[in-house]
Amino acid sequence: MPYAAVLTGYGSPETLVWSEVALPAPGPGQIRMRVHAAGVGPTDLKIRRGELREVFPLPDPAVLGFEAAGTVDALGP
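Quick note on this note's numbering: the sequence shown kicks off at 1 and runs consecutively.
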């Protein structure tokens, strides 16, 4: 199973925990990517602090990240 920094609630950096997450299958028109490098951008910080909660409600599990580089490892239908 892969690991990710999971957001447990809105707030300070302490709301992030390193946790095992499920490996999802890509849905229609989606890809799955094996991430080799990831970055944290301003949007991630605003989501973590709760500034965008009306636009980006937290999914379960809440794994943030809009910046990543890697290789495609699965294609959805």
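All C-beta atoms, glycine included, are put in the ideal place defined by N, C-alpha and C.
Only a predicted model underlies this, so the values are computations on that prediction, with no experimental measurement involved.
What are the start and end residues of the alpha helix (DSSP H) that includes residue i?
i, result
"R32", "Where R32 is concerned, there is no enclosing alpha helix (DSSP H), although the beta strand (DSSP E) it sits in stretches over 31 to 39."
"L7", "Segment 3 to 7 is the beta strand (DSSP E) holding L7; no alpha helix (DSSP H) there."
"D73", "Counting along the chain, D73 falls outside any alpha helix (DSSP H), though it belongs to the beta strand (DSSP E) covering 67 to 75."
"L45", "42 to 49"
Answer with buried or exposed for residue i, where buried requires no fewer than 16 other C-beta atoms within 10 angstroms of its C-beta.
i, result
"L75", "exposed"
"A69", "exposed"
"A22", "exposed"
"I31", "exposed"
"A89", "Any answer about residue 89 is impossible in this case: the structure gives the chain only from 1 up to 77."
"D73", "exposed"
"L45", "exposed"
Give me, in chain order, the residues of the same chain whose beta-carbon lies closer than 6 Å to that of residue i; leave out the 5 immediate sequence neighbours on both sides.
i, result
"A37", "A69"
Rounded to whole angstroms, what is the Cα-Cα separation between residue i and residue j?
i, j, result
"L78", "G27", "Outside the displayed range of the chain (1 to 77) lies residue 78, so it cannot be described from this structure."
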